[in-house]
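In order, the protein sequence lines correspond to chains Y and B.
Taking my numbering, the leading residue of the first sequence gets 20, the next gets one more, and so forth.
Taking my numbering, the leading residue of the second sequence gets 20, the next gets one more, and so forth.
The beta carbon of each residue, even a glycine, is placed where N, CA and C say it ideally should be.
All values reported here derive from a predicted model rather than from experimental measurement.
Protein chains: 2
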Amino acid sequence: MDFSKFSPGRIVKAPENILAPEQMREAQRARRSFMGKALAMGAGATAVSAAAAAQGDPAILKLPAHTTSLGQPVAARGYGVPSQWEKNLQRRESPGLTRVSAASVSFTPLQGLFGIITPNGLHFERHHQGWFDIDPSQHRLMVMGLVREPRVFTMDDLMRLPSVSRIHFIECGANTGMEWGNVAVPTVQYTHGMLSCGEYTGVMLSTLLDMAGVDRSKGKFVLAEGADGSSMTRTISMEAAMDDVMVAWAMNGEMLRPENGYPLRLVVPGVQGVSWVKYLRRIEVGDQPFYTKDEVVHYIDLMPDGTHRQFTSVQEVKSVITTPSGGQVLLDRGYYNVTGLAWSGRGRVKRVDVSFDGGRNWRTARLEQPVLPKALTRFNVDWAWDGNPAVLQSRAIDDTGHVQPKINQLRAVRGTRSIYHNNAIQSWKVSETGEVFNVQVY
Amino acid sequence: MDFSKFSPGRIVKAPENILAPEQMREAQRARRSFMGKALAMGAGATAVSAAAAAQGDPAILKLPAHTTSLGQPVAARGYGVPSQWEKNLQRRESPGLTRVSAASVSFTPLQGLFGIITPNGLHFERHHQGWFDIDPSQHRLMVMGLVREPRVFTMDDLMRLPSVSRIHFIECGANTGMEWGNVAVPTVQYTHGMLSCGEYTGVMLSTLLDMAGVDRSKGKFVLAEGADGSSMTRTISMEAAMDDVMVAWAMNGEMLRPENGYPLRLVVPGVQGVSWVKYLRRIEVGDQPFYTKDEVVHYIDLMPDGTHRQFTSVQEVKSVITTPSGGQVLLDRGYYNVTGLAWSGRGRVKRVDVSFDGGRNWRTARLEQPVLPKALTRFNVDWAWDGNPAVLQSRAIDDTGHVQPKINQLRAVRGTRSIYHNNAIQSWKVSETGEVFNVQVY
């Protein structure tokens with residue numbers, strides 16, 4: 020694509036407070052960011068960029084302090100932190116979801132991230148009774164039930180076992196849950212931010228079950244239980260437990276973060292986050308499902324006929340455009356690299372299509388390689404915005420053939436009173452002013 | 020492997036100061052860590068673990084505070100930090116290498132990391148004139164020389180171009196450079212810690228060269244120049260520049276860290292770190308190599324016959340065992356998961372073999388998948404330590420057939436007065452006391 024035909028499209032990151040559109044424009048003018056300075060340069064900015072060498076861009080001709088003076092020696096902290104210029108990129112709460120001080124959610128700022136790895140400091144959180152930074156020397160993992168030899172493991176015991184490292188996404192089952200009935204929140208951080216991806220290191224659960232001598236003739240289900248006050252408990256089928264479930268202590272190269280379950284959590288690839296029990300303390304093998312509170316009373320889907328669906332697990336194929344997305348503002352017509360994420364709890368993403376006219380026409384996006392199973396996949400596609408209103412959507416298809424549904428298709432089956440497992444196609448409307456809104460279009 | 024036959028091998032992380040062996044033992048006793056507590060339990064710890072349920076392990080029977088009380092709501096900081104229990108895991112300087120306050124190195128603590136992704140806060144640093152946290156709105160990238168249309172890009176301009184995300188290692192050419200003549204430093208953090216790996220996001224350099232209209236008939240070489248005081252400059256061949264070189268702004272999902280070049284650095288897969296110019300400000304296309312200071316005076320290899328080798332680039336195939344490694348102490352005989360990293364600047368790692376007897380016998384290690392080109396690969400192999408002295412080595416082979424050499428083989432060709440490109444096999448000696456030392460054995 021010949022980008023020189025287009026003036027450079029400029030995009031403003033979403034303001035961090037939820038503001039009315041007029042306030043958003045005001046806020047972006049006031050904000051001291053490089054995007055704000057580009058705005059100040061006005062419509063002639065293309066000319067400025069291309070001719071800067073001739074006209075004498077002071078940013079080039081006047082050598083900055085960092086070119087003419089000594090900088091700092093190695094970072095004062097032995098554990099580095101992001102640039103001061105990035106301090107507005109934060110995970111954020113939604114006050115309406117924090118009912119009791121310790122039952123809370125914080126959302127990953129997907130609009131400002133890149134690739135598929137989620138920086139550990141921006142990993143989303145979901146707590147039922149708060150989080151702790153617990154002493155790993157006191158932590159124990161019990162393996163019991165229909166096993167020949169019940170075991171208790173210390174972290175020491177676990178971390179010397181054969182370990183594996185796997186890249187997987189984790190998505191809360193309630194991600195996008197506020198959108199079931201109608202548009203509820205304005206930015207992708209809030210519509211889709213209970214989603215992260217990392218390289219987990221740990222021991223396969225199958226290794227631990229083998230060590231304890233699991234009785235496969237009777238043991239058909241596994242209970243996982245956490246040590247925090249909410250004692251999260253979930254049933255996992257023996258097939259899954261012996262397949263790709265991990266007992267993990269590390270994420271993206273270092274030990275888990277306390278708010279993500281340090282020192283130990285379960286990793287259940289492709290399954291909703293509640294099964295990824297944090298502060299994992301007990302594994303019990305049984306011959307029936309355990310019917311825990313966290314799968315028969317909570318985390319159930321209310322169906323249109325009044326029944327409810329229990330034991331839902333798999334996060335179905337899903338995608339979302341992260342830029343341009345709600346709350347951002349396109350300042351110019353022109354070329355944009357439209358980017359987003361796709362994933363499937365059933366395996367690999369096979370294809371992502373993107374529409375710019377609300378789902379009438381679709382173009383296939385580029386998938387970044389390698390495409391990994393039950394992990395995030397980054398997609399990119401070219402777009403030249405002509406200044407007219409547009410509705411952007413992405414639709415993912417996974418390698419089992421499942422296709423991400425439209426929101427009305429999903430409602431026809433699931434109704435509007437569900438909380439969980441909303442994997443519908445997301446629509447972002449770009450208005451003539453360049454403002455981007457969360458809309459529901461079908 | 021039936022782990023129950025062995026008492027659990029216990030390993031103590033290397034103390035963070037460089038201590039004499041007697042001091043190391045003292046330090047590990049005093050250190051309040053979960054490994055220290057396991058040591059305190061003594062030799063009967065296997066029995067404790069296996070029978071804890073029967074005897075009543077207080078760590079299980081007495082419900083801890085985090086099980087019986089409310090925790091914190093979402094992390095107070097919108098950008099999280101590691102557990103307090105991990106605060107000894109830091110990147111560290113070597114005072115002898117910090118001659119002028121701003122010319123400095125900090126080493127990644129490989130002994131305490133997992134998988135292949137390096138946490139951004141522990142990414143190694145190498146500065147010639149210090150580092151800065153520069154204002155991205157003022158940063159410019161010039162593309163000039165043998166091009167039809169010289170261009171100046173702002174960060175705005177660059178970040179809306181078609182982006183790619185790729186996982187690559189970066190290794191300083193001087194990594195392991197202190198070991199050329201003899202054993203010099205005691206731990207893997209110092210022998211191999213100028214090594215990190217991440218998912219980089221940016222635009223392909225070829226895209227920028229195409230936009231500027233590079234003249235391929237005349238333009239054979241590319242100069243890359245940085246904006247910091249040391250104005251690092253390196254020549255890159257046009258073939259490499261048009262192949263997989265990236266102009267990157269993000270690492271592991273977020274913008275680069277200031278000490279790693281925020282907001283922009285060059286990514287030259289497989290090539291030594293000096294070419295990965297930080298604070299990238301200029302790309303110039305020329306018809307000859309540029310013979311910069313950073314490739315003809317510095318970063319050269321002094322050969323045994325007195326000549327020196329210029330323009331070395333590729334980091335040849337290399338590996339190292341990260342645990343057990345120098346400074347660690349094995350407290351018990353028994354089973355250990357021996358783990359390490361392997362990489363090659365020429366492509367993929369094909370195989371890693373591990374020896375426990377100083378290179379006489381070798382076993383092939385497991386490679387964690389996917390094995391990516393010019394990225395770190397994690398390997399793991401089982402070992403049952405019988406308490407006798409042992410010398411552990413790893414040897415990598417890449418997919419071009421290059422084999423990691425022994426240190427004496429390398430010296431025979433390169434002499435002992437080189438600094439750069441030491442990719443020799445690393446030996447760690449486990450003594451009868453369980454202490455692990457850096458040794459050179461061939």
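Query, Result
"Check the Cβ of residue 401 of chain B against every Cβ in chain Y and list those closer than 9 Å, keeping chain order.", "181"
"Could you tell me the alpha carbon to alpha carbon distance between residue 310 of chain Y and residue 253 of chain Y, rounded to whole angstroms?", "8 Å"
"So is residue 324 of chain Y buried or exposed if we call it buried at 16+ other beta carbons inside 10 Å?", "exposed"
"Looking at the structure shown, is residue 259 of chain B part of a helix, part of a strand, or coil, going by DSSP?", "helix"
"Here's the rule: buried if 16 or more other CB atoms are within 10 angstroms of the residue's CB, otherwise exposed. What is residue 393 of chain Y?", "buried"
"State the DSSP-derived secondary structure class of residue 96 of chain Y, mapped to helix, strand or coil.", "coil"
"Just how far apart, CA to CA, sit residue 180 of chain Y and residue 93 of chain Y?", "35 Å"
"Could you check which residue in Y/308, Y/160 and Y/445 has the C-alpha nearest to that of residue 76 of chain B?", "Y/160"
"Can you tell me which of the three DSSP states residue 430 of chain Y falls into?", "helix"
"I'd like to know whether the C-beta of residue 392 of chain B is nearer than 8 Å to at least one C-beta of chain Y.", "no"
"Helix, strand or coil for residue 411 of chain B? Go by DSSP, reduced to three states.", "strand"
"Can you grab the Cα-Cα spacing for the pair residue 442 of chain Y / residue 100 of chain Y, in whole Å?", "34 Å"
"Quick one: is residue 346 of chain Y near chain B, going by C-beta distance under 8 Å?", "no"
"Is there a C-beta anywhere in chain Y that falls below 8 Å from the one on residue 110 of chain B?", "yes"
"Give me the subset of the region 244–276 of chain Y whose CB atoms are less than 7 Å from a CB atom of chain B, sorted by chain position.", "246, 247, 248, 269, 271, 272, 273, 274 and 276"
"Under 6 Å Cβ to Cβ from residue 412 of chain B, same chain only, skipping five residues before and after it: list those, please.", "374, 378, 444 and 446"
"Residue range of the alpha helix (DSSP H) that residue 211 of chain Y falls in?", "207–211"
"Give the interface partners of residue 446 of chain Y over in chain B, defined as CB-CB distance under 8 Å, in chain order.", "Those within 8 Å of residue 446 of chain Y in chain B number zero; the least Cβ separation is about 22 Å."
"Which parts of the region 302–340 of chain Y are runs of the alpha helix (DSSP H), unbroken and 4 residues or longer, counting only runs that do not cross its ends?", "312–315"
"Apply the 10 Å Cβ neighbour rule to residue 431 of chain B and answer buried if 16 or more other Cβ atoms are within range, or exposed otherwise.", "exposed"
"Considering only the beta carbon of each residue, do residue 221 of chain B and residue 132 of chain Y sit closer than 8 Å?", "no"
"Contact criterion: CB-CB distance below 8 Å. Does residue 130 of chain B meet it with respect to chain Y?", "no"
"Alpha helix (DSSP H) containing residue 79 of chain Y: first to last residue?", "77–80"
"Does DSSP put residue 229 of chain B in a helix, a strand or coil?", "helix"
"Quick one: which chain Y residues come within Cβ less than 8 Å of residue 197 of chain B?", "None at all; the shortest Cβ gap to chain Y is about 17 Å."
"Is residue 103 of chain B helix, strand or coil when you go by DSSP?", "helix"
"Taking the straight line between their C-alpha atoms, what separation do you get for residue 457 of chain Y and residue 178 of chain Y?", "45 Å"
"With a floor of 3 residues, list each beta strand (DSSP E) that falls wholly inside the region 350–388 of chain Y, ordered by position along the chain.", "353–362 and 368–374"
"Please report the straight-line C-alpha distance between residue 453 of chain Y and residue 340 of chain Y, rounded to a whole angstrom.", "16 Å"
"Three or more beta-carbon pairs under 8 Å between the region 213–233 of chain Y and the region 181–194 of chain Y, yes or no?", "yes"
"Under 8 Å between the Cβ atoms of residue 417 of chain Y and residue 382 of chain Y?", "no"
"Please list the partners that residue 220 of chain B has in chain Y, where partner means a Cβ-to-Cβ separation under 7 Å.", "133 and 134"
"Note down, in chain order, each residue of its chain lying with its Cβ closer than 7 Å to the Cβ of residue 293 of chain B, except the 5 sequence neighbours on either side.", "192, 251, 253, 313 and 318"
"Taking the alpha-carbon positions, what's the residue 52 of chain B to residue 106 of chain B distance?", "For residue 52 of chain B, the predicted structure reports a pLDDT of 35, less than 50, and the residue's modelled location is therefore unreliable. A value from the coordinates is still provided. So the two alpha carbons sit approximately 11 Å from each other."
"Report yes if the C-beta distance between residue 149 of chain Y and residue 90 of chain B is below 8 Å; otherwise report no.", "yes"
"Secondary structure at residue 442 of chain B, three-state DSSP: helix, strand or coil?", "coil"
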